Each structure stands twice: as structure tokens, then as C-alpha cells.
Amino acid sequence: MYSLFTPQDEIQIAHTNYSKHTKTFVVLSTVLFGTGSAYAMDSLEKWRSHLQPRVTLSLDQNETPSDNSQQIDTRTVIEHIENIRSILDPSISDLANLFNVSRQSVYKWLSGKYTPESENLKQLYTLSHIADKFKVAEISRANFILKMKAFNGLSLLDMLKSGEDCSVQVDMLISEAKAMEESYSRSGIASSKTKPTNDWKASISIPSSDEEI
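Be aware that the sequence shown starts at 69, since it is given in our numbering, and climbs by one per residue.
Take a look at the structure:
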């Protein structure tokens, strides 16, 4: 037995799409005016061309929007400096030397009274993002790693001061820091009651800041 539609009928068809995650609803809403003909549902393919120009499609897809945009860093200058100091633990003198300013200038940045100039602000953000990487990697001796003369006699701070891109070097230092901590753990020094020394550093491929290059 066929379902018939008269020209005065309003047709609504809800169709569930092929995926359990995505549903597409096609709503056909139209009023046909003609000779009073009725259209059988098994002949849909034949007569739907008459409806096509009047069809309104409403798509409801359970799709998760692609998140290709980078997350915006909304931290203030003070928050960036505090982030750097809490993770990398540089002294005020270290920061003053890096940004080529006086210690008083750094203190003024921390107080919120002054804002670094554009170039210093860029370096500040870079160092803060490096601190973020060290935090994610759970590096416990970031200050020591930061000052290692690991790259042709230069430390990461030295390279940052010269304006070089240090992204590769940061990844290398993080890898070395993890290797150092694993070596320290395996050495048994941590559980030893003897006075700790720096002898365990001898097997590390990157020299420390207090070693001669």
C-alpha cells in the first residue's frame, strides 16, 4: 500500500545519515499546485525533480570544529617574568644582562610601572615560552641547564641575548637534562650518605657552565 501526497500537502522528510556520529536532516517543504495528481513514494526518484527547486536543506552535523588556530597567550608582562623566575630561576642580574637593561628596570617591569621595549618584550615572551617547555618536561634543574656553556662556549642565555633562534637548542637541552637526571638516579648518589659532588656530570655530553671549554 502506497503513501500518497495531494498537491496541498506539506512534505517533511527526516532522514538519518549513514554515520552514527553525523546526522543529516533533509526537510522538504513545499506546496504543489497542479492537476490534483498524487505521487507514490516508490516513485520518488521520478517525481522529486519537480520538488527540487523548492527544497530547503537543513544540515545538522555533529562535527567538532577543527582547532587549527594557535592558543593566544594572554599573560601580562608581570606574569611572564614570574613564570620565568619560578621555572628557570634566573637572578634579576641575569635578566638585566639578557635584556641589556639595569636591575632597576627589571624591578620596574615587575611592579607594572613600566613595560619593556618591543625587542625586549619579544625576548621576554621567548624566554617565558622556553620556561613553559621546561615545565612540561618536568626539568628540575632548569637554572643549571640554562647557563650550561653547551653550544661552542655559549649558553642558552647567551644565544637569546644575541637574538638567535634557540628552538633546536632548547629541545637538545631538555633531552640532555633528562639524560642527566636518569644518570644521576642510576648512579645511586641521590640515596648515598656521602657528600654530593659534581663527578657524575663527567659522562654527560654537554659540558656544564663551570667547566672549561
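Note that the Cβ used here is the ideal one computed from N, Cα and C, for glycine as well. Quick caveat: nothing in here was measured; it's all calculated off a predicted structure.
(request) Please name the residue in SER186, LEU241, LEU156, MET227 whose C-alpha comes closest to that of ALA210. (result) Of the listed residues, the one whose Cα sits closest to ALA210 is LEU156.
(request) Flag this pair as yes or no: are the beta carbons of LEU189 and ILE149 separated by less than 9 Å? (result) No.
(request) Quick one: using the 10 Å Cβ neighbour count with 16 as the cut-off for buried, is SER196 buried or exposed? (result) With at least 16 other beta carbons inside 10 angstroms of its own, SER196 counts as buried.
(message) Going by beta-carbon coordinates alone, are LEU192 and ILE213 separated by less than 9 Å?
(response) It is not a contact, given that the beta carbons lie outside the stated cut-off.
(request) Determine the extent of the alpha helix (DSSP H) in which SER194 is found, giving its start and end residues. (result) Before going on, a small fix: residue 194 reads as Thr here, not Ser. Here the alpha helix (DSSP H) through THR194 covers 186-205.
(message) Going by C-alpha to C-alpha distance, which of MET248, ASN168, GLN237, ASP239 sits closest to GLU185?
(response) Of the listed residues, the one whose Cα sits closest to GLU185 is ASN168.
(message) With the cut-off set at 9 Å, would you say ILE160 and VAL174 are in Cβ contact?
(response) Cβ atoms of ILE160 and VAL174: closer than 9 Å.
(request) With DSSP as the reference, label LEU222 as helix, strand or coil. (result) Residue state, collapsed to three classes: strand.
(request) Specify the secondary structure class of ASP239 as computed by DSSP and reduced to three states. (result) The DSSP-derived three-state label of ASP239 is helix.
(message) On the CB-based measure, 16 or more other CB atoms within 10 Å of its CB, does GLU206 come out buried or exposed?
(response) When all chains shown are included, GLU206 counts as exposed.
(message) For LEU228, which residues in the same chain have their Cβ closer than 7 Å to its Cβ, ignoring the five residues on either side in sequence?
(response) Exclusion of the five residues before and after LEU228 leaves LEU166, GLN191, THR194, LEU195, CYS234 as the residues of its chain whose Cβ lies within less than 7 Å of its Cβ.
(request) Report the option in SER208, ARG171, ASP162 whose CA atom is closest to the CA atom of TYR252. (result) By alpha-carbon distance to TYR252, the top candidate from SER208, ARG171, ASP162 is SER208.
(request) Give me the Cα-Cα distance between SER87 and ALA245, rounded to the nearest whole angstrom. (result) Model confidence at SER87 stands at a pLDDT of 42, short of 50, so the residue's coordinates are unreliable; what they give is reported in the following sentence. As the crow flies, the alpha-carbon of SER87 is around 48 Å from that of ALA245.
(request) Have a look at GLN172 and ASN220 and give me their C-alpha separation to the nearest angstrom. (result) Going by the C-alpha atoms only, they are around 32 Å apart.
(request) Look up VAL145 in the DSSP assignment and say whether it is helix, strand or coil. (result) In the structure shown, VAL145 sits in a helix (DSSP, three-state: H, G or I).
(request) State the DSSP-derived secondary structure class of ASN168, mapped to helix, strand or coil. (result) Here ASN168 carries a coil assignment [DSSP, helix/strand/coil].
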